[in-house]
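Contents: one structure, followed by commentary.
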Amino acid sequence: MYRVLLVDDEPIVLETLSKIIPWNTLGCELIGTARNGMDAFNKICDDYPDIVITDIKMPVLSGLELIEKAKKLDVDINFVILSGYDDFSFAQTAMKFGVKYYNLKPVRKEDLIAVLEKRLGLSLGNCDAYVNIAGGIRILEPAIDLGIALAVVSS
């Protein structure tokens, strides 16, 4: 079973995602939640999750800072971002840290389940990263020039 940690500074998001996602059906165990990046980092150090679903803008330690710090400990942790910010620079920075999934809030249950299924082995092809914008998954493929990514709508 994959161990999942949810991280968001909004209690309603943590509560809702904890309840609506069929964790066991997906082969996952929800091992906990955290309300800021530092609390999440401490839980990562103690509980060793396989997947961390995190917000970007949080108190104490941002989601991007959390990812950078956690990747130094364990490069195999898979991060999924849920964010209310559609600033592409956040997605670019996340990609530099190896994040493959960036979802905009509000995220639909079906979209998050699809992302988890992809993360757990089902694939959209040979794509490097996905951004879920307005219910449609977009594939981010690195361009020839590093630091530039092309958004291609998948079907």
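Residue numbers for the sequence shown follow the working numbering, beginning at 233 and rising by one. Ideal placement from N, C-alpha and C gives every residue a C-beta, glycine not left out.
Around the Cβ of C332, are there at least 16 other Cβ atoms within 10 angstroms (buried) or fewer (exposed)? Within the sequence shown, numbered from 1, the residue matching residue 332 stands at position 100. The question names Cys, but residue 332 is Lys in the sequence shown. With 16 or more other Cβ atoms within 10 Å, it is buried.
Give the secondary structure of I252 by DSSP, where H, G and I count as helix, E and B as strand, and everything else as coil. Locating residue 252 in the sequence shown gives position 20, where the first residue counts as 1. Correct three-state label for I252: helix.
Would you call D306 buried or exposed, if buried means 16 or more other Cβ atoms sit within 10 Å of its Cβ? Within the sequence shown, the letter at position 74 stands for residue 306. By the neighbour-count rule (16 or more Cβ atoms within 10 Å), D306 is not buried but exposed.
Enclosing beta strand (DSSP E) for I263 [first to last residue]: To locate residue 263, count along the sequence shown from 1; it is residue 31. Unbroken beta strand (DSSP E) run through I263: C260 to A266.
From the DSSP output, which residues share a beta bridge with V239? Locating residue 239 in the sequence shown gives position 7, where the first residue counts as 1. In DSSP, V239 forms a bridge with A266 and T286.
Please look up how many angstroms separate the CB atoms of V236 and I285, rounded, as I've assumed it's under 8 Å. Counted from its first residue, the sequence shown places residue 236 at position 4. Counted from its first residue, the sequence shown places residue 285 at position 53. The Cβ separation is near 7 Å, so the contact holds.
Which word fits G353, buried or exposed, when buried means at least 16 other C-beta atoms lie within 10 angstroms of its C-beta? On the sequence shown, residue 353 is found 121 positions in, with the first residue counted as 1. G353 comes out exposed.
Contacts around A272, its chain only, beta-carbon distance under 6 Å, and the 5 residues preceding and following it disregarded: By 1-based counting over the sequence shown, the position of residue 272 is 40. These residues qualify, in order along the chain: V239, A266 and L298.
So, helix, strand or coil for I313, using DSSP? Mapped onto the sequence shown, residue 313 falls at position 81. Here I313 sits in strand by DSSP.
Backbone CA spacing between Y334 and T325 [nearest angstrom]: As a first step, residue 334 must be located in the sequence shown, where it is residue number 102. As a first step, residue 325 must be located in the sequence shown, where it is residue number 93. So the alpha carbons of these two residues sit roughly 11 Å apart.
Using only CA atoms, which one of F311, P338 and Y234 lies nearest to G295? For the purposes of this step, residue 295 is identified with residue 63 of the sequence shown, where counting begins at 1. When only C-alpha atoms are compared, the closest one is F311.
Considering just the uninterrupted stretch of the beta strand (DSSP E) at L336, what are its terminal residues? Sequence index remark: in the sequence shown, residue 336 carries index 104 (1-based). Counting along the chain, the beta strand (DSSP E) containing L336 begins and ends at Y333 to L336.
By the 10 Å Cβ neighbour count, where 16 or more other Cβ atoms means buried, how is D287 classified, buried or exposed? For the purposes of this step, residue 287 is taken as residue 55 along the sequence shown, with counting starting at 1. Looking at its Cβ environment, which holds 16 or more other Cβ atoms inside 10 Å, D287 is buried.
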